[in-house]
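S.K.: Quick one: structure below, then a few questions.
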Amino acid sequence: MLNKKRFLLPIFLIIMCYLFIEITFSEKSIFKFVNNSDLIKKKSDDFNQKQLVEKELNDFLRKFKKNKESRKLIIKEKLFYKEKDEKVMQYKIID
466 MLNKKRFLLP IFLIIMCYLF IEITFSEKSI FKFVNNSDLI KKKSDDFNQK
516 QLVEKELNDF LRKFKKNKES RKLIIKEKLF YKEKDEKVMQ YKIID
């Protein structure tokens with residue numbers, strides 16, 4: 466019985482040392498896990514900021530769609546649209 470314990474203890478210690486080295490220095494080490502968790506947190510914060518910007522833009526778009534006067538002004542400005550009784554002044558640029 467005592468002889469078995471003497472035999473198993475070094476094997477156990479060797480296995481534990483190997484596992485410790487593997488966990489510490491392998492490709493999937495604890496250091497990379499900590500680094501990746503920081504990276505994930507940073508990306509999560511960036512994603513939350515982008516979601517806030519998206520929400521603000523969607524609110525602006527929704528308000529724009531509700532307001533007919535602003536749509537009319539934008540369409541006039543961008544597409545050079547004019548109503549029947551409206552006069553448009555054109556300027557000629559002389560160099």
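If you read the sequence shown in the working numbering, its first letter stands for residue 466, the second for the next number, and so on. Backbone N, C-alpha and C fix where the C-beta goes; we use that ideal spot for every residue, glycine too. Please read all numbers here as calculations on a predicted model, not as lab measurements.
1. Just the Cα atoms here: how many angstroms apart are LYS506 and GLN516?
2. When the Cα atoms are used, what is the spatial distance from LEU482 to ILE495?
3. Can you confirm whether SER509, when its beta carbon is compared against all beta carbons of chain B, has any partner nearer than 8 Å?
4. How big is the Cα-Cα spacing for LYS493 and ILE539?
5. Have a look at ASN523 and GLU534 and give me their C-alpha separation to the nearest angstrom.
6. Whole angstroms are fine: how far does the CA of PHE472 sit from the CA of ILE480?
M.R.: Let's see:
1. As a first step, residue 506 must be located in the sequence shown, where it is residue number 41. As a first step, residue 516 must be located in the sequence shown, where it is residue number 51. Cα to Cα, the separation comes out at about 15 Å.
2. Here residue 482 corresponds to residue number 17 of the sequence shown, with the count starting at 1. Here residue 495 corresponds to residue number 30 of the sequence shown, with the count starting at 1. At residue 482 the sequence reads Cys, which differs from the Leu that was named. Taking the straight line joining both Cα atoms gives about 15 Å.
3. In the structure shown, chain B does not exist; there is a single protein chain.
4. On the sequence shown, position 28 is the one that residue 493 refers to. On the sequence shown, position 74 is the one that residue 539 refers to. Annotation: LYS493 to ILE539 spans about 56 Å, alpha carbon to alpha carbon.
5. Position 58 of the sequence shown holds residue 523. Position 69 of the sequence shown holds residue 534. Their Cα atoms are separated by approximately 19 Å.
6. As a position in the sequence shown, residue 480 is number 15, starting the count at 1. As a position in the sequence shown, residue 472 is number 7, starting the count at 1. Approximately 13 Å, taken between the alpha carbons.
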